[in-house]
Structures are given as C-alpha cells and as structure tokens.
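Per the numbering used here, the very first residue in the sequence shown carries number 824; after that it's consecutive. Yeah, the Cβ is synthetic: ideal placement off N, Cα and C, and Gly gets one too.
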Amino acid sequence: MGRARAYAPGAPVSFAPRGATGELRAVLPLILDWHIFRHTISATLVVVLAFVMLVSVFALIDELRGNYTFLQAATYVALTTPRRIYELLPFAAFLGTLLALGNLASRGELMVMRVSGVSVSRLLASLLLPLLVVIGLGYLVGEVYGPKLEEEAERYKTKERYSSDAIRIQGGYWYREGGLYMSVAAISEAGELLDIRQFWQDDAGNLIRTLQAASAVYVPGADAHWILKDITETVIEPKQTRTATRAEERWNGSVDPQMLSVRILVAAPKLSVNALEQQIEYMQREGLNARSYEVAYYTKLLLPLTILGFNFLAMVFVLGPMRQVRLGLRLTVGILVGLVFKYLQDLFAPMSEVYHLDPLIAVLIPIGLCWLLALWGARRFV
824 MGRARAYAPG APVSFAPRGA TGELRAVLPL ILDWHIFRHT ISATLVVVLA
874 FVMLVSVFAL IDELRGNYTF LQAATYVALT TPRRIYELLP FAAFLGTLLA
924 LGNLASRGEL MVMRVSGVSV SRLLASLLLP LLVVIGLGYL VGEVYGPKLE
974 EEAERYKTKE RYSSDAIRIQ GGYWYREGGL YMSVAAISEA GELLDIRQFW
1024 QDDAGNLIRT LQAASAVYVP GADAHWILKD ITETVIEPKQ TRTATRAEER
1074 WNGSVDPQML SVRILVAAPK LSVNALEQQI EYMQREGLNA RSYEVAYYTK
1124 LLLPLTILGF NFLAMVFVLG PMRQVRLGLR LTVGILVGLV FKYLQDLFAP
1174 MSEVYHLDPL IAVLIPIGLC WLLALWGARR FV
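What follows is the structure, given as structure tokens:
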C-alpha cells in the first residue's frame, strides 16, 4: 500500500494522483464536469418526471369534472403536458441539483473536491452544462412545441365539449383596431370568423357606423384582407340613420386567423415569446393595458437567470448548512424554497397591475432575492 500524502491545513491539494502526467491532469477537470453532469441531469429528470406525473393526475381529475369522457380528458392533459414541464423546470432543476449535490456530499465526494482545491466558482461552472441542457429543454417545450400543443389542446377541448368544429367564446372576443371595436362570437377550425359585430367611431369618439356579418373569411397574400359575408350595415348621421344589406364587403384588418386563434385560446403565460411580443406591440399601439402580457414576457425571457440563481442557491445549501442532513430534509427544504419563490412570483405579478409596478421590476424582484440569498450564503457558509 502507498503512503497517504500529508498536506498543510488550508493548502490546496492537487486532485490528480502523485506522478500524474500533464495529459491526465488536463483530463481530470473534464472527468469532474462529467461526474457532476451525470448526477445532476439524472436527478433533475427524475424530479421532472415525478412532478409531471403528480400534476397530471390532479389535472386529469379536474378535467373529468367536465362534460367529456376519460379518453378525451386524458388526451387534453397529454397535449398540455409540455406546458406543465416548462412551468416546473426551474423548481425541478433546483430540487434535482439539491439532491444530486447532496448525494455527493453524503458520500464525501464534495469534501474531497473542496480539499483538492476545487473552488465554489469551479463547482458552479461544472453545473453550467446540465443547466444549459435544462434551459435548452425549457426552450423546446416553452417556445417550440408547448404553445402549439396548448392551442391544439384548447381546440380539441372545445370541439369535444360542445360537439362543434367552431370555437364558441363566452361573451364574445373583443378586438380593437384604431376606431374599430369588433366582437367575434366564434372561430371555426379553418379560421373563419362567425357572428361578427363591428362598431366604428370617428376621431371624437362618436359612433358613426355599425356592421353585422354572419362570417368573415381571410384572404392571405401580399394584399391580405378579410371578406365579410351576409352584411347588415347601419350608418349613423347627425339627422338620420341608414340601414343597408349586401352579400359581402372587404375589410382590411391587420389581424390574421392564427393571431386571433392564439389570443382567444391561449392565456398570456402559455404563449411563446414571439407571440407575446406581437400581443404587447398590438395592445400598446391601441392604447390597451398590456401589463399581464409583459409580466409573462419577462418571466419567459429571464427563465435562464431564474434557473441559474436557483441552482447557485442549491449548491450553497449543500456546501453550507445542509452538508450532512438526510434526504428527506433536503426534499422538504427544496419544496419549501420552491413554494416561497412561486408565491413571490404570484404576489408581485398582480402588483404590476394594481400598483402600476413596472413589469420587468415585478419579475426581477423574486429572481433578485434568490440571487442575493445565494450570494449571502456563499459568503457566510462556504
């Protein structure tokens, strides 16, 4: 047996064995990165799977209270699963990192790394690769597949519940463009608008014209426009009111069926960043309140910063006060921290509406608190 190497307290010791070649010393950091990556990504995937299964069961129970069968409810829940994965990702990544690093700490591996001269910043750098994978997964489910499947799920749900290909909107969907206020009662699967009412105002805000149409068909292309059909028009003049009917009329609205369908079916937090940008631009142009969409926009845009802050905090917990605690306590603390962060998000988002708090500030406050707690913990315990 070889003799154990002695080292002065506090002095960094090489992680490489005595006599290791330069090539081996160069490879060892990569081995460290792979070791942390493998444990972190596997723990995160297990947590994501467990959370998604749990949340999906509750969602299925809730959907079964509707007016459709188990298979229809299960199909709807399956189509909305990518959105649930996206919503759970920051908390699952935090809990996965907490469990993975906690497991390494329990086996003394983190202590060996620290004694060998591996700094906190180097450990955090080793966490970047699994976090980039998580962020990439978030992009796929939150931007590429999630919004499309969410829209498809709402279409499917409406079709099965009401046994109709047309999506009926309770109370109608109201759309504004300049001096036009338009109500749409339903939209067909092909993108045709049904039961349309238009109200036109002049620059002074006076009602000058109303129009009712049975349907509207979109004509795409360079000269994109709508064709309103089966029209009843009322023109309001200072001394008289004239009513006329005609078969069809052209309307040069700037909205297309896809934009309308997304706005009608998909709530702000479930939209993609691109769709949110379009909606915010439209609402600001028309002088409408877009704060809820701005909150959703910045929440999605800053998701990588949220995930990084959460995982920095997880690493500080494991290297500091939770180095030798049991698995159950780590799970409890991880779930509690995730709930507190979620409650803070739910608290500051309405404050943006009620107290006119800037949406970016409302989103940044919980993220900033997470980073401040992690930085304080790193200075205090690590």
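TODO: Might you give, ordered along the chain, the residues of its own chain that have their beta carbon closer than 8 Å to the beta carbon of Ala1047, omitting 5 neighbours on each side?
DONE: Indexing the sequence shown from 1 puts residue 1047 at position 224. Tyr1041 and Asp1079.
- [ ] Just mark Ser942 as buried or exposed, buried being the case when its beta carbon has 16 or more other beta carbons within 10 Å.
- [x] On the sequence shown, position 119 is the one that residue 942 refers to. So Ser942 counts as exposed.
Open item on the list: Between which residues of its own chain and Leu911 is the CB-CB distance below 6 Å, once the five residues before and five after are set aside?
Closed with: Translated into positions along the sequence shown, residue 911 becomes position 88. Result list for Leu911: Phe874, in chain order.
- [ ] Hey, could you find the ends of the beta strand (DSSP E) Lys1062 is sitting in?
- [x] Taking the first residue of the sequence shown as position 1, residue 1062 is located at position 239. That residue, Lys1062, is in no beta strand (DSSP E); it is neither H nor E in DSSP.
Task: Spatial distance of Ser1095 from Leu1083 (CA atoms) - done: Here residue 1095 refers to the residue found at position 272 when the sequence shown is read from its first residue. Here residue 1083 refers to the residue found at position 260 when the sequence shown is read from its first residue. Computed Cα separation, rounded: 15 Å.
Open item on the list: I'd like to know if the segment 1033-1040 and the segment 1057-1076 are in contact, where contact means that at least 3 CB-CB pairs between them fall below 8 Å.
Closed with: They touch, by the three-pair rule.
Task: Endpoints, the beta strand (DSSP E) within which Asp1181 is located - done: Residue numbering aside, residue 1181 sits at position 358 when the sequence shown is read from its first letter. It is not in any beta strand (DSSP E) - Asp1181 carries neither H nor E in the DSSP assignment.
- [ ] In angstroms with no decimal places, state the Cα-to-Cα distance between Leu1159 and Val956.
- [x] Here residue 1159 corresponds to residue number 336 of the sequence shown, with the count starting at 1. Here residue 956 corresponds to residue number 133 of the sequence shown, with the count starting at 1. Cα to Cα, Leu1159 sits roughly 25 Å from Val956.
- [ ] Take the Cβ of Trp857 as the centre, count every other Cβ of all protein chains shown within 10 Å, and call the residue buried at 16 or more, exposed below.
- [x] For the purposes of this step, residue 857 is taken as residue 34 along the sequence shown, with counting starting at 1. It counts as exposed.
Open item on the list: Taking 9 Å as the threshold (C-beta atoms), are Arg907 and Ala882 in contact?
Closed with: Within the sequence shown, numbered from 1, the residue matching residue 882 stands at position 59. Within the sequence shown, numbered from 1, the residue matching residue 907 stands at position 84. Yes, the pair counts as a contact, with Cβ atoms nearer than the cut-off.
TODO: Could you tell me if Gly1191 is buried or exposed, where buried requires 16 or more neighbouring beta carbons within 10 angstroms of its beta carbon?
DONE: The residue you call residue 1191 lines up with position 368 of the sequence shown. Exposed: under 16 other Cβ atoms inside 10 Å.
Open item on the list: For the pair the segment 955-970 and the segment 1115-1135, tell me if three or more CB-CB distances fall below 8 Å.
Closed with: yes
Task: CA-to-CA distance, Val938 to Arg828, given in whole angstroms - done: In the sequence shown, residue 828 corresponds to position 5, counting from 1. In the sequence shown, residue 938 corresponds to position 115, counting from 1. Residue confidence for Arg828 is low, a pLDDT of 47 falling below 50, so the modelled location carries little weight; the figure read from the coordinates is stated next. One C-alpha to the other measures close to 13 Å.
- [ ] Return the chain-ordered list of same chain residues with a C-beta closer than 7 Å to the C-beta of Leu1131, the five sequence neighbours on each side being excluded.
- [x] By one-based count along the sequence shown, residue 1131 stands at place 308. Excluding positions up to five away in sequence, the list reads Leu954.
Open item on the list: Check for me: the beta strand (DSSP E) holding Thr1033 runs from which residue to which?
Closed with: As a position in the sequence shown, residue 1033 is number 210, starting the count at 1. From DSSP, the beta strand (DSSP E) with Thr1033 extends over Leu1030 to Val1042.
TODO: Note down, in chain order, each residue of its chain lying with its Cβ closer than 8 Å to the Cβ of Glu974, except the 5 sequence neighbours on either side.
DONE: Taking the sequence shown and counting its residues from 1, one reaches residue 974 at position 151. When the five nearest sequence neighbours on each side are left out, the beta carbons in the same chain lying within less than 8 Å of the beta carbon of Glu974 are those of Ser1084, Val1085, Leu1088 and Val1089, in order along the chain.
Open item on the list: If I follow the unbroken alpha helix (DSSP H) through Gln1021, where does it start and stop?
Closed with: As a working note, residue 1021 is residue 198 in the sequence shown. Segment Leu1016 to Gln1024 is the beta strand (DSSP E) holding Gln1021; no alpha helix (DSSP H) there.
Task: Residues near Tyr899 by beta carbon distance below 7 Å, same chain, minus five either side - done: Taking the sequence shown and counting its residues from 1, the one referred to as residue 899 is at position 76. Closer than 7 Å at Cβ, skipping near neighbours: Glu886, Ala976, Tyr979 and Lys980.
Open item on the list: Check for me: the alpha helix (DSSP H) holding Ser949 runs from which residue to which?
Closed with: Numbered from its first residue, the sequence shown carries residue 949 at position 126. Secondary structure note for Ser949: its alpha helix (DSSP H) is the uninterrupted segment Val943 to Tyr962.
Task: Minimum length 4: unbroken alpha helix (DSSP H) runs contained in the segment 877-915 - done: 893-902
Task: Alpha-carbon spacing of Leu1183 relative to Arg1114, whole angstroms - done: Position 360 of the sequence shown, counted from the first residue, corresponds to residue 1183. Position 291 of the sequence shown, counted from the first residue, corresponds to residue 1114. Straight-line Cα distance between these residues: approximately 10 Å.
Task: Environment of Glu1104 [buried if 16+ CB atoms lie within 10 Å] - done: Looking up residue 1104 in the sequence shown gives position 281. So Glu1104 counts as exposed.
- [ ] May I have the straight-line CA-CA distance separating Leu1162 from Pro1189, to the nearest angstrom?
- [x] Taking the first residue of the sequence shown as position 1, residue 1162 is located at position 339. Taking the first residue of the sequence shown as position 1, residue 1189 is located at position 366. Here the alpha carbon of Leu1162 sits roughly 12 Å from the alpha carbon of Pro1189.
TODO: With DSSP as the reference, label Val1078 as helix, strand or coil.
DONE: Here residue 1078 corresponds to residue number 255 of the sequence shown, with the count starting at 1. In this structure, Val1078 counts as coil in the three-state DSSP scheme.
Task: Residue interval of the alpha helix (DSSP H) (run including Leu968) - done: By 1-based counting over the sequence shown, the position of residue 968 is 145. Here residue 968 is Tyr; the residue named in the question, Leu, does not match the sequence. Neither: Tyr968 is in no alpha helix (DSSP H) and is coded neither H nor E.
TODO: Measure the beta-carbon distance from Ala1137 to Phe917 and round it to whole angstroms, keeping in mind my assumption that it falls under 8 Å.
DONE: In the sequence shown, the residue the question calls residue 1137 occupies position 314. In the sequence shown, the residue the question calls residue 917 occupies position 94. At roughly 5 Å, the Cβ-Cβ gap stays under 8 Å, so Ala1137 and Phe917 are in contact.
Open item on the list: Tell me the rounded alpha-carbon separation between Leu853 and Leu972.
Closed with: Position 30 of the sequence shown holds residue 853. Position 149 of the sequence shown holds residue 972. Cα-Cα distance, rounded: 38 Å.
Task: Residues that Ile1010 bridges to, as DSSP identifies them - done: The sequence position of residue 1010 within the sequence shown is 187, counting from 1. In the DSSP assignment, Ile1010 is bridged to Ile990 and Leu1016.
TODO: Specify the secondary structure class of Arg1149 as computed by DSSP and reduced to three states.
DONE: Taking the sequence shown and counting its residues from 1, one reaches residue 1149 at position 326. In this structure, Arg1149 counts as coil in the three-state DSSP scheme.
Task: Residue closest to Leu1196, alpha-carbon to alpha-carbon, out of Asn1134, Gly931 and Gly1151 - done: What you label residue 1196 is simply residue 373 of the sequence shown in a count that begins at 1. Across the set Asn1134, Gly931 and Gly1151, the C-alpha of Asn1134 shows the shortest separation from the C-alpha of Leu1196.
Task: Rounded C-alpha distance that separates Ala923 from Ala866 - done: Looking up residue 923 in the sequence shown gives position 100. Looking up residue 866 in the sequence shown gives position 43. Cα to Cα, the separation comes out at about 6 Å.
- [ ] State the CB to CB distance for the pair Lys1052 and Glu1071, rounded to an integer number of angstroms; the pair is presumed to be in contact (CB under 8 Å).
- [x] The residue given as residue 1052 occupies position 229 in the sequence shown. The residue given as residue 1071 occupies position 248 in the sequence shown. Indeed, because the Cβ distance is near 5 Å, the residues count as touching under 8 Å.
Open item on the list: Using CA atoms only, rank isn't needed, just tell me which of Lys982, Tyr996 and Ala1037 is closest to Glu1012.
Closed with: Locating residue 1012 in the sequence shown gives position 189, where the first residue counts as 1. Answer by Cα proximity: Lys982.
Open item on the list: Give me, in chain order, the residues of the same chain whose beta-carbon lies closer than 8 Å to that of Phe1204; leave out the 5 immediate sequence neighbours on both sides.
Closed with: Stepping through the sequence shown from its first residue, residue 1204 is reached at position 381. These residues qualify, in order along the chain: Val1139, Leu1142, Gly1143 and Pro1144.
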